[in-house]
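Below you'll find the structure, written out as structure tokens, and then a few comments.
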Amino acid sequence: MTQEKTQGMQKVLRQNHDIFAWAHSDMKGIHPSIASHRLNVFLTARPVRQKIRRFHPDRQRIIRNEIDKLLEVGFIREVSYPDWLAT
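So in the working numbering, the last spot in the sequence shown is 88, and the numbers never skip.
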């Protein structure tokens, strides 16, 4: 992106800062009809257990911090699925 386009974009963002979500906490109250996620699984689907992904401890710590932030503001919530679907 050219510097001119970048500056134009920044100007638009500054002028309309109140309509953008700058943090996850800014997005509370999004109605499920606008954005939602559901796992549609066929009743006849055979369970497949995926291999657990291991991350370097430093990366795991970063992932955990991000998950904690999302949980704290209510952007995500913990759910319980059958064992075969949980991996």
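No residue lacks a Cβ here, since even glycine has one placed at the ideal position from N, Cα and C.
The beta-carbon separation of K70 and H25, rounded to 7 Å, stays under the 8 Å limit for a contact. Boundaries of the alpha helix (DSSP H) around T7: 4–16. Between the beta-carbon of M28 and that of F76 there is about 7 Å, and that keeps the pair under the 8 Å contact cut.
For Q51, there is no enclosing alpha helix (DSSP H), since its DSSP letter is neither H nor E. I64 sits close to F56, with the two beta carbons spaced by under 8 Å. DSSP, reduced to helix, strand and coil, places I68 within a helical segment of the structure shown.
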